[in-house]
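Structure, as structure tokens:
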Amino acid sequence: MSDQKKPKIDLKARLGKKTVAAPTGPAIPPPVGIPKPPAMAGGGFRSASQPPPPGHPYAAASPSAPPPPPPRVEPQAIKVEMSEEVVAEQAKQKKRGYMISAVIGVITMGIGFAWGGRAEANKGANAALEGAKTLIKDIEAADKVADDLNSVLAKASERLSKNEYPDEEISKLGGINIPFDGTHLDKSLGRFPKSLVSTIITYANTAQKANDQKEKIQSLLSGSKAALQDVLTQKTDPKVRWAVWLESGPGGPWMNMQPVTSPFLVKSTAKVKDKDGKEKDYEWPAEITVVKGKDSGSVKRYKSGDISSGDPQWLPVNPATESMVCPSTTIVRLRSELQEMQTVLKGDQTPGQEKDGFLQMGETVVAQLKKIGTG
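All residue numbers for the sequence shown refer to our numbering, where the first residue is 734 and numbers rise by one.
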């Protein structure tokens, strides 16, 4: 069919002839978030300023109230699943981080301790140096007193060898005391080398030993003055102090030793009186009293003849030999104490038994103390 034969449709005319009917049925509320359409009245349109009729779905809402906000949609958490290898690697990295932090902390603390330790070391070195200086002065003072003590004792021994009682030297001993003891060991002693500390302690103990030995000698000399003076006169005015008397023994005659109750002079220029009161030259006693067990009796002095016959007779012992056979107890003890003091002060140089004395110890300690702070 050709285009001319097709009838033309007038859309305007067709639309103008038809009417649109108002919708019937219940009203459908607009979707949430879409503005409400203008209200209609009586099936037609009405202005938005007119209130909706009663029973209208929007009647309760104020025409000026804004629309309610749309509900908030919460974002959902995203869960990421990690394998065991990933978790282990993360833990390893975390542990490594802790270790690095700890190492850095230790290094930082070490630097702090190093600076603090250096300052403390310098402080300790200064204290040790000051303590050494003080000890040097104390030891030098003690050594000087020890020298004086040694000189006094040497002089006393010299006078005793001359049979002279050393009154002056005994008096001087009373005022001599080596001024070094344990109270001097608190001067930074812990900051010194161990070998030096040991030497200083030995030095202090030896000083105390020397003072004790000096007290013994002084006491012995003072308390035994009479006995010593009597012994010291043996060379100038010897006395007979021992006697022997003969008697028969299990295998033949033998001698008994007997101390003389009243020692008598070996010789004298003085005159003596006899029983009748007449003066005569000095002579030894005619008889002495001897003791045998629980018994005692008088024994006549031997003068001549056969000593083994008849009653027992006694003979005097040469005083010059007494010290070899029966030395005086006081003299023996005094010699022993003086020898001990010499060992304390000057040491022992006997081969195989070498031992430093107090004076040598002092020199050694001072030399070592002077090295403090120079190394």
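Every residue gets a Cβ at the ideal spot worked out from N, C-alpha and C, and that includes glycine.
If you're wondering where the values come from, they're calculated on a predicted model, not measured in any experiment.
Assign residue i to buried or exposed, taking buried as 16 or more other Cβ atoms, counted over all protein chains shown, within 10 Å of its Cβ.
{"i": "G1010", "result": "exposed"}
{"i": "G915", "result": "exposed"}
{"i": "E1070", "result": "buried"}
{"i": "G1095", "result": "buried"}
{"i": "V1032", "result": "buried"}
{"i": "E948", "result": "exposed"}
{"i": "P899", "result": "buried"}
{"i": "M1074", "result": "buried"}
{"i": "D1044", "result": "exposed"}
{"i": "V1023", "result": "buried"}
{"i": "V885", "result": "buried"}
{"i": "I1112", "result": "With the chain covering only 734 through 1108, there is no way to say anything about residue 1112."}
{"i": "Q1046", "result": "buried"}
{"i": "A959", "result": "exposed"}
{"i": "D1039", "result": "exposed"}
{"i": "G864", "result": "buried"}
{"i": "A889", "result": "buried"}
{"i": "D876", "result": "buried"}
{"i": "A887", "result": "exposed"}
{"i": "A1100", "result": "exposed"}
Per DSSP, what are the beta-bridge partners of residue i in this structure?
{"i": "I1021", "result": "V1032"}
{"i": "E1012", "result": "K1006"}
{"i": "K1088", "result": "D1081"}
{"i": "Q1046", "result": "K1033"}
{"i": "K972", "result": "L998"}
Taking residue i and residue j to be in contact with their CB atoms under 8 Å, please state how far apart those CB atoms are, rounded to whole angstroms.
{"i": "M988", "j": "L979", "result": "6 Å"}
{"i": "R974", "j": "E897", "result": "Their Cβ separation, rounded to whole angstroms, is 20 Å, which puts R974 and E897 out of contact at 8 Å."}
{"i": "F913", "j": "D871", "result": "6 Å"}
{"i": "I1105", "j": "A861", "result": "6 Å"}
{"i": "Q967", "j": "P1052", "result": "6 Å"}
{"i": "V993", "j": "I1021", "result": "6 Å"}
{"i": "T939", "j": "V1077", "result": "6 Å"}
{"i": "I903", "j": "L882", "result": "Actually they do not touch by this definition, with Cβ atoms about 13 Å apart."}
{"i": "P986", "j": "S1041", "result": "5 Å"}
{"i": "L953", "j": "R1066", "result": "6 Å"}
{"i": "A976", "j": "A879", "result": "The Cβ separation is near 46 Å, so there is no contact."}
Does DSSP put residue i in a helix, a strand or coil?
{"i": "P1103", "result": "The residue asked about is misnamed: residue 1103 is Lys in this sequence, not Pro. In the structure shown, K1103 sits in coil (DSSP, three-state: anything other than H, G, I, E or B)."}
{"i": "V999", "result": "coil"}
{"i": "N989", "result": "strand"}
{"i": "S1041", "result": "coil"}
{"i": "E980", "result": "strand"}
{"i": "E897", "result": "coil"}
{"i": "S955", "result": "helix"}
{"i": "G923", "result": "helix"}
{"i": "K866", "result": "helix"}
{"i": "K947", "result": "helix"}
{"i": "S928", "result": "helix"}
{"i": "D880", "result": "helix"}
{"i": "D963", "result": "helix"}
{"i": "S1061", "result": "coil"}
{"i": "G907", "result": "coil"}
{"i": "P1052", "result": "helix"}
{"i": "D871", "result": "helix"}
{"i": "K1118", "result": "Because the chain here runs from 734 to 1108, residue 1118 falls outside it and cannot be looked at."}
{"i": "S795", "result": "The predicted position of S795 is uncertain, since its pLDDT is 48 and thus under 50; no value can be drawn from it."}
{"i": "G1095", "result": "helix"}
{"i": "K1027", "result": "coil"}
Got a sec? Which residues, its chain only, sit under 6 Å from residue i by beta carbon, not counting five neighbours each side?
{"i": "Q1086", "result": "none"}
{"i": "K1088", "result": "G1080, D1081"}
{"i": "L1102", "result": "A865, L868, I869"}
Apart from the five residues just before and just after residue i, which ones in its own chain have a Cβ nearer than 8 Å to its Cβ?
{"i": "V1005", "result": "E1012, K1013, D1014, Y1015, E1016"}
{"i": "Y936", "result": "I872, F913, F1091, M1094, G1095, V1098"}
{"i": "V964", "result": "S1061, T1063, I1064"}
{"i": "S955", "result": "I903"}
{"i": "R1034", "result": "W1017, P1018, A1019, E1020, I1021, Q1046, W1047, L1048, P1049"}
{"i": "D1007", "result": "K1013"}
Going along the chain, which residues of its own chain have a beta-carbon closer than 7 Å to the beta-carbon of residue i, five neighbours each way excluded?
{"i": "S1001", "result": "Y1015"}
{"i": "A1003", "result": "Y1015"}
{"i": "V930", "result": "L922"}
{"i": "P996", "result": "K972, V973, R974"}
{"i": "L998", "result": "D970, K972"}
{"i": "G957", "result": "Checking the displayed sequence, the identity of residue 957 turns out to be Ser instead of Gly. Cβ within range, chain order: T1063."}
{"i": "G907", "result": "Q951"}
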